[in-house]
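Novice: Numbering of the sequence shown is given in the UniProt record's numbering, commencing with residue 1 and proceeding in unit increments. Sending over a structure as structure tokens; questions will come in a sec.
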Amino acid sequence: MAHISRVALGQDNEVYEVATTNHHHVIVRISRKPNHRFEAERWALDAARRAGVPTPQVLLIEQATYDETTVMFCIEEKVPGTPLDVLLKAARTPNVDKAIHQIGEILGRMHSVSIEGFGYLQPDAKGQQTSFTDIMLMANERETELSTAAAHWHIPAQKITTSLELLDTHRELYTFSTPVLVHGDFGPQHIFVEDDHISGLIDMQDCSGNHPVIDFVNWDAYYRERVPTSTLMTSYGNQEIFTDNYEALFYLALLREALIMLMVNAAHQNPHGIQGFLAAMERALKYFATAR
1 MAHISRVALG
11 QDNEVYEVAT
21 TNHHHVIVRI
31 SRKPNHRFEA
41 ERWALDAARR
51 AGVPTPQVLL
61 IEQATYDETT
71 VMFCIEEKVP
81 GTPLDVLLKA
91 ARTPNVDKAI
101 HQIGEILGRM
111 HSVSIEGFGY
121 LQPDAKGQQT
131 SFTDIMLMAN
141 ERETELSTAA
151 AHWHIPAQKI
161 TTSLELLDTH
171 RELYTFSTPV
181 LVHGDFGPQH
191 IFVEDDHISG
201 LIDMQDCSGN
211 HPVIDFVNWD
221 AYYRERVPTS
231 TLMTSYGNQE
241 IFTDNYEALF
251 YLALLREALI
261 MLMVNAAHQN
271 PHGIQGFLAA
281 MERALKYFAT
291 AR
């Protein structure tokens, strides 16, 4: 008889680990959303694996209906090892340290995959009809919503105005035209470690064609106190991206991330993480204030 257990991972799907009768272990994810993005994720996982990133193989994507509800199932291999975020809660060992210093290398391999078009990957493995400029100015296009969110979180209106002006006046930094495969939710909860090496990278439903800086900003915004972003940069393969105006672009992308998340959390009346978003916004504003 197969054994099924709920996995305490995954924010968008129900996630289960299943041990089959012949002792194979698979992960079953169930989505009730119409925009589940499993097909695009399967392509991204396969492409990343071909580039040398250890990713699970998707075995089946199938639609099913029960109780008059349509759901999508995604069944994939269970990668070996333990999530890095679990390991980081314990005392650091030499093996974990070795694996941590491989994160940038793994990220660089994923970013070596070229994508046609920017934005969330579609089932045909292409991005949407947009540009990096459109992505960077997303908050500027939602100024009314952002003002409402700022009032909700008691953020001075002038800080929002300054933030949007900074994003708008640095358009020359958004001329990037060679999108690569970006994870979109790159963090220690999605990195598995076995012994002294990274054994798996999972959960690429937020994959997109984008600038590599997006994954670095995501890490910096949420996980830099656990593993410094500079550690990822050190082992990253393509060091050329860190030259020229990278630092300014990094803080602009960090500012954009903070503004977007302030809106998202306000819409859901969710205070979780707000102090971190505010801190990220302040760091970005401070960078440009001192750079003048």
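Ideal Cβ positions, reconstructed from N, Cα and C, are used throughout, including at glycine. Since the structure is predicted, the reported quantities are computational estimates derived from the model, not experimental observations.
Given residue 351, which residues of its chain have a CB within under 6 Å of its CB, disregarding the five upstream and five downstream residues?
Specialist: Outside the modelled stretch of the chain, which goes from 1 to 292, sits residue 351, for which no answer is possible.
Novice: Leaving aside the five residues before and after P123 along the sequence, list all residues of the same chain whose C-beta is less than 7 Å from its C-beta, in chain order.
Specialist: Around P123: E39, A40.
Novice: Please list, in chain order, all residues of the same chain as T55 whose beta carbon is under 6 Å from its beta carbon, the five residues on each side excluded.
Specialist: Contacts found: L45, A48, R49, L201.
Novice: For the alpha helix (DSSP H) containing H152, list its first residue and its last residue.
Specialist: Residues 143–152.
Novice: Which residue or residues does DSSP assign as beta-bridge partners of A64?
Specialist: Answer is V71.
Novice: Given a threshold of 16 other Cβ atoms within 10 Å of its Cβ, counted over all protein chains shown, does residue 295 qualify as buried or as exposed?
Specialist: Limits of the chain in this structure are 1 at one end and 292 at the other, which puts residue 295 out of reach.
Novice: In terms of residues, what are the limits of the beta strand (DSSP E) holding N210?
Specialist: N210 -> beta strand (DSSP E) spans 208–210.
Novice: Taking just the CA atoms, how far does T290 sit from G127?
Specialist: When rounded, the distance between both Cα atoms is 36 Å.
Novice: Tell me which residues share the same chain as R142 and place their Cβ nearer than 7 Å to its Cβ, disregarding the 5 neighbours each side in the sequence.
Specialist: M263, listed in sequence order.
Novice: So V26 is in the beta strand (DSSP E); what residue range does that whole segment cover?
Specialist: From DSSP, the beta strand (DSSP E) with V26 extends over 25–31.
Novice: Take F250 as the anchor and find which of D220, L278, N270, A267 has the nearest alpha-carbon.
Specialist: Measuring from the Cα of F250, the nearest candidate turns out to be D220.
Novice: Go ahead and pull the three-state DSSP assignment for G108.
Specialist: In the structure shown, G108 sits in a helix (DSSP, three-state: H, G or I).
Novice: Comparing alpha-carbon positions, which option in T162, T178, M281 lies nearest V217?
Specialist: Answer by Cα proximity: M281.
Novice: Could you check how far apart the C-beta atoms of Q102 and I198 are, in whole angstroms? I think they sit under 8 Å.
Specialist: At roughly 5 Å, the Cβ-Cβ gap stays under 8 Å, so Q102 and I198 are in contact.
Novice: Could you pull out every residue in the same chain whose Cβ sits closer than 7 Å to the Cβ of L88, ignoring the five residues on either side in sequence?
Specialist: Once the five neighbours on either side are set aside, the close Cβ partners of L88 are P188, R226.
Novice: I need the DSSP call for P83, collapsed to helix, strand or coil.
Specialist: In the structure shown, P83 sits in a strand (DSSP, three-state: E or B).
Novice: In angstroms, rounded to a whole number, what distance separates the CA positions of F133 and Y174?
Specialist: Residue identity differs from the one stated: residue 133 is Thr in this sequence, not Phe. The alpha-carbon atoms of T133 and Y174 are separated by roughly 5 Å.
Novice: Excluding the 5 residues flanking G119 on each side, which residues of the same chain have their C-beta closer than 6 Å to its C-beta?
Specialist: G127, Q128, T130, S208, listed in sequence order.
Novice: On the premise that D215 lies in contact with L146, defined as a C-beta separation below 8 Å, what is that separation, rounded to the nearest angstrom?
Specialist: In fact, because the Cβ distance is near 24 Å, the residues do not count as touching under 8 Å.
Novice: Just how far apart, CA to CA, sit V68 and P34?
Specialist: A small correction: the amino acid at residue 68 is Glu; Val does not occupy that position in the sequence shown. The straight-line gap from Cα to Cα measures roughly 15 Å.
Novice: For A19, does the three-state DSSP call read helix, strand or coil?
Specialist: Correct three-state label for A19: strand.
Novice: Over the uninterrupted beta strand (DSSP E) stretch that includes I191, give me the two end residues.
Specialist: Counting along the chain, the beta strand (DSSP E) containing I191 begins and ends at 191–194.
Novice: Is the region 170–186 close to the region 72–91, with three or more CB pairs under 8 Å?
Specialist: Short answer: they don't touch.
Novice: Would you identify the three-state DSSP class for I214, choosing helix, strand or coil?
Specialist: Helix, per DSSP.
Novice: Can you tell me whether DSSP reads Y246 as helix, strand or coil?
Specialist: Helix.
Novice: Quick test of your reading: F277 and A258, contact by CB under 8 Å. State the CB separation rounded to the nearest angstrom.
Specialist: F277 to A258, Cβ: 5 Å. Contact.
Novice: What residues match up with S114 in a beta bridge as DSSP calls it?
Specialist: V180, per the DSSP bridge assignment.
Novice: Determine the extent of the beta strand (DSSP E) in which I100 is found, giving its start and end residues.
Specialist: From DSSP, I100 is part of no beta strand (DSSP E) but of the alpha helix (DSSP H) over 94–100.
Novice: What is the residue span of the alpha helix (DSSP H) that L45 lies within?
Specialist: Element bounds for L45: 38–50.
Novice: When you compare only the Cα positions, how much space is there between V71 and N270?
Specialist: Going by the C-alpha atoms only, they are around 26 Å apart.
Novice: Cα separation between residue 331 and Q205?
Specialist: Absent from the structure is residue 331, since the part of the chain shown begins at 1 and ends at 292.
Novice: Does the beta-carbon of G104 have 16 or more other beta-carbons within 10 angstroms, so that it is buried, or is it exposed?
Specialist: Buried.
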